[in-house]
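Encoded as C-alpha coordinates, the structure appears first; notes follow it.
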Amino acid sequence: MDRPTWDEYYMGIARAVSSRSNCIRRNVGAVIVVQNAIIAAGYNGTPMGVRNCYDGGCPRCASDAAPGEGYDTCICVHAEQNAIVLAARHGNSTNEGKLYTTLRPCFGCAKEAIQAGIREIVFAEPYEYDEELEDVYRRLHAESGISLRQHTGR
(Lines of atoms letter the chains of each structure in order from A and count residues from 1; the text may use other names and numbers.)
(Lines give C-alpha, C1' and ligand atoms only; values in the text may rest on other atoms or scores of the structure.)
Protein backbone atom coordinates (compact mmCIF):
# COMPACT_ATOMS: atom_id res chain seq x y z
CA MET A 1 0.00 0.00 0.00
CA ASP A 2 1.42 3.38 -1.05
CA ARG A 3 0.37 5.77 1.73
CA PRO A 4 1.68 9.33 1.71
CA THR A 5 3.98 10.44 4.51
CA TRP A 6 2.55 12.97 6.97
CA ASP A 7 4.44 15.73 5.14
CA GLU A 8 3.04 14.64 1.77
CA TYR A 9 -0.46 14.38 3.24
CA TYR A 10 -0.49 17.84 4.85
CA MET A 11 1.29 19.52 1.94
CA GLY A 12 -1.27 18.01 -0.42
CA ILE A 13 -4.01 19.53 1.72
CA ALA A 14 -2.20 22.91 1.72
CA ARG A 15 -2.09 22.74 -2.08
CA ALA A 16 -5.82 21.99 -2.18
CA VAL A 17 -6.46 24.92 0.19
CA SER A 18 -4.49 27.21 -2.16
CA SER A 19 -7.09 26.56 -4.86
CA ARG A 20 -9.52 28.75 -2.85
CA SER A 21 -7.19 31.76 -3.12
CA ASN A 22 -8.70 34.79 -4.80
CA CYS A 23 -5.32 36.42 -5.51
CA ILE A 24 -4.69 36.94 -9.22
CA ARG A 25 -0.90 36.91 -8.82
CA ARG A 26 -0.13 33.75 -6.83
CA ASN A 27 -2.16 31.10 -5.01
CA VAL A 28 -0.81 30.07 -1.61
CA GLY A 29 -2.30 27.68 0.93
CA ALA A 30 -1.39 26.89 4.53
CA VAL A 31 -2.42 24.31 7.11
CA ILE A 32 -1.64 24.30 10.83
CA VAL A 33 -1.30 20.90 12.46
CA VAL A 34 -1.10 20.15 16.19
CA GLN A 35 -0.54 16.54 17.27
CA ASN A 36 -1.34 15.31 13.74
CA ALA A 37 -4.71 17.11 13.70
CA ILE A 38 -5.49 19.99 11.36
CA ILE A 39 -6.64 22.91 13.49
CA ALA A 40 -6.77 25.63 10.82
CA ALA A 41 -6.25 26.30 7.14
CA GLY A 42 -5.85 29.52 5.22
CA TYR A 43 -5.28 30.85 1.75
CA ASN A 44 -4.16 34.24 0.49
CA GLY A 45 -6.60 36.88 -0.61
CA THR A 46 -8.48 39.94 0.47
CA PRO A 47 -9.91 40.21 4.01
CA MET A 48 -13.41 38.91 4.69
CA GLY A 49 -16.06 41.26 3.37
CA VAL A 50 -13.66 43.05 1.01
CA ARG A 51 -13.99 42.75 -2.76
CA ASN A 52 -11.85 39.86 -4.08
CA CYS A 53 -8.62 40.43 -6.00
CA TYR A 54 -10.07 39.07 -9.20
CA ASP A 55 -12.87 41.65 -8.85
CA GLY A 56 -10.36 44.49 -8.49
CA GLY A 57 -10.27 44.52 -4.68
CA CYS A 58 -6.50 44.75 -4.27
CA PRO A 59 -4.74 47.74 -5.86
CA ARG A 60 -1.37 45.95 -6.01
CA CYS A 61 -2.75 42.84 -7.65
CA ALA A 62 -4.54 44.99 -10.24
CA SER A 63 -1.32 46.92 -10.98
CA ASP A 64 1.72 46.06 -13.04
CA ALA A 65 4.03 46.08 -9.98
CA ALA A 66 6.98 43.74 -10.37
CA PRO A 67 7.25 40.67 -8.11
CA GLY A 68 8.52 41.74 -4.71
CA GLU A 69 7.44 45.37 -5.19
CA GLY A 70 4.41 47.47 -4.31
CA TYR A 71 3.45 45.64 -1.15
CA ASP A 72 2.48 48.91 0.55
CA THR A 73 -0.67 48.94 -1.57
CA CYS A 74 -1.46 45.22 -1.17
CA ILE A 75 -4.50 44.58 1.02
CA CYS A 76 -4.33 40.79 0.76
CA VAL A 77 -3.89 38.60 3.81
CA HIS A 78 -1.23 35.91 3.43
CA ALA A 79 -2.22 32.25 3.71
CA GLU A 80 -0.11 31.74 6.84
CA GLN A 81 -1.65 34.81 8.49
CA ASN A 82 -5.13 33.59 7.62
CA ALA A 83 -4.47 30.17 9.14
CA ILE A 84 -3.07 31.67 12.37
CA VAL A 85 -5.89 34.22 12.70
CA LEU A 86 -8.60 31.68 11.91
CA ALA A 87 -7.19 29.30 14.52
CA ALA A 88 -7.42 32.10 17.09
CA ARG A 89 -10.88 33.14 15.92
CA HIS A 90 -12.13 29.60 16.52
CA GLY A 91 -10.30 29.12 19.82
CA ASN A 92 -7.69 26.62 18.59
CA SER A 93 -4.22 26.81 20.10
CA THR A 94 -1.35 26.83 17.63
CA ASN A 95 1.25 26.27 20.35
CA GLU A 96 3.73 23.51 19.47
CA GLY A 97 2.16 23.22 16.02
CA LYS A 98 3.51 22.74 12.53
CA LEU A 99 2.74 25.09 9.68
CA TYR A 100 2.59 23.56 6.21
CA THR A 101 2.60 26.13 3.43
CA THR A 102 2.97 26.04 -0.32
CA LEU A 103 5.42 28.99 -0.30
CA ARG A 104 8.20 29.82 2.16
CA PRO A 105 6.72 32.43 4.52
CA CYS A 106 7.69 36.08 4.28
CA PHE A 107 9.29 37.89 7.24
CA GLY A 108 5.92 38.99 8.64
CA CYS A 109 4.39 35.52 8.49
CA ALA A 110 7.54 33.97 9.96
CA LYS A 111 7.40 36.38 12.93
CA GLU A 112 3.69 35.72 13.42
CA ALA A 113 4.27 31.95 13.34
CA ILE A 114 6.97 32.33 16.00
CA GLN A 115 4.64 34.43 18.17
CA ALA A 116 1.84 31.88 17.68
CA GLY A 117 4.04 29.10 19.14
CA ILE A 118 4.53 27.25 15.85
CA ARG A 119 7.62 25.05 16.25
CA GLU A 120 8.14 23.95 12.66
CA ILE A 121 7.46 25.42 9.22
CA VAL A 122 7.41 23.09 6.23
CA PHE A 123 7.19 24.80 2.84
CA ALA A 124 7.04 23.60 -0.76
CA GLU A 125 8.30 26.46 -2.93
CA PRO A 126 11.27 28.63 -2.00
CA TYR A 127 11.12 32.40 -1.71
CA GLU A 128 14.59 33.87 -1.51
CA TYR A 129 15.63 37.31 -0.36
CA ASP A 130 18.82 39.11 -1.34
CA GLU A 131 21.88 37.96 0.60
CA GLU A 132 21.62 40.51 3.43
CA LEU A 133 17.91 39.93 4.08
CA GLU A 134 18.32 36.17 3.70
CA ASP A 135 20.92 36.24 6.47
CA VAL A 136 18.54 38.12 8.79
CA TYR A 137 15.70 35.72 7.88
CA ARG A 138 17.78 32.64 8.70
CA ARG A 139 19.06 34.22 11.92
CA LEU A 140 15.46 34.94 12.98
CA HIS A 141 14.60 31.27 12.62
CA ALA A 142 17.77 30.06 14.31
CA GLU A 143 17.41 32.37 17.32
CA SER A 144 13.73 31.59 17.78
CA GLY A 145 14.34 27.85 17.68
CA ILE A 146 11.69 27.33 15.02
CA SER A 147 12.53 24.67 12.44
CA LEU A 148 12.26 25.68 8.78
CA ARG A 149 12.57 23.11 6.03
CA GLN A 150 11.60 22.64 2.44
CA HIS A 151 9.42 19.68 1.50
CA THR A 152 10.52 18.28 -1.82
CA GLY A 153 8.21 15.27 -2.05
CA ARG A 154 4.94 14.99 -3.88
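According to my numbering, numbering within the sequence shown proceeds without interruption in unit steps and concludes at 173.
Don't be surprised by glycine CBs; every beta carbon is placed ideally from N, CA and C.
Owing to the predicted nature of the structure, the values given are computational and were not obtained by experimental measurement.
Could you work out which residue in the options is closest to residue i when comparing CA atoms only?
i: M40; options: P124, T113, W25, N63; result: According to the sequence provided, residue 40 is Ser. The question's Met does not apply to it. The residue with the shortest Cα to Cα distance from S40 is N63.
i: F142; options: A84, Y28, Y90, A56; result: Y28
i: I133; options: A161, G110, E151, A85; result: A161
i: Y128; options: A84, G89, L159, T92; result: Residue 128 is actually Cys in this sequence, not Tyr. Selected option, being the one with the closest Cα: L159.
i: Q54; options: W25, D21, T171, N101; result: W25
i: D83; options: P66, R44, G172, N101; result: R44
i: G87; options: T120, R138, E147, I57; result: E147
i: I57; options: R173, G172, D21, M30; result: M30
i: T120; options: R22, R34, M20; result: R34
What distance in whole Å lies between the Cβ atoms of residue j and residue i, which are believed to be in contact at a cut-off of 8 Å?
i: R118; j: I51; result: Reading the sequence as shown, one finds Leu at residue 118 and not Arg. About 6 Å separates the two Cβ atoms, so the contact holds.
i: T79; j: Y90; result: The sequence shown places Arg at residue 79, not Thr. Their Cβ separation, rounded to whole angstroms, is 7 Å, which keeps R79 and Y90 in contact under 8 Å.
i: C95; j: C72; result: 7 Å
i: I103; j: T92; result: Rounded, the Cβ-Cβ distance is 23 Å, inconsistent with contact.
i: Q100; j: E151; result: Actually they are not in contact, since the Cβ atoms of Q100 and E151 sit about 25 Å apart, beyond 8 Å.
Can you give me the Cβ contacts of residue i inside the same chain, cut-off strictly under 7 Å, excluding the 5 residues immediately before and after it?
i: P145; result: R123, Q169
Beta-carbon separation of residue i and residue j under 8 Å?
i: V36; j: A60; result: yes
i: A98; j: G48; result: yes
i: G180; j: G116; result: Summary: the structure shown does not reach residue 180, with the chain confined to residues 20 through 173, and so no result is reported for it.
i: L167; j: I140; result: yes
Apart from the five residues on each side of it in sequence, which residues of its chain come closer than 6 Å, Cβ to Cβ, to residue i?
i: I32; result: V50
i: D74; result: none
Between residue i and chain D, is the shortest Cβ-Cβ distance under 8 Å, so that the two count as touching?
i: E150; result: Here chain D cannot be found, since the structure has a single protein chain.
Going by beta carbon distance, what residues of the same chain come within less than 8 Å of residue i, once the five residues before and after it are set aside?
i: R70; result: G76
i: E153; result: E147
i: Y156; result: F126, A129, Y148
Check your understanding: Going along the chain, which unbroken runs of the beta strand (DSSP E) with 3 or more residues stay wholly within the segment 64 to 146?
Key -> The segment 64 to 146 contains these whole beta strand (DSSP E) runs: 117 to 122, 139 to 144.
**Study point:** In chain order, each alpha helix (DSSP H) run of at least 4 residues that lies wholly inside the segment 23 to 47
**Key:** Within the segment 23 to 47, the complete alpha helix (DSSP H) segments of 4 residues or longer fall at 25 to 37, listed in chain order.
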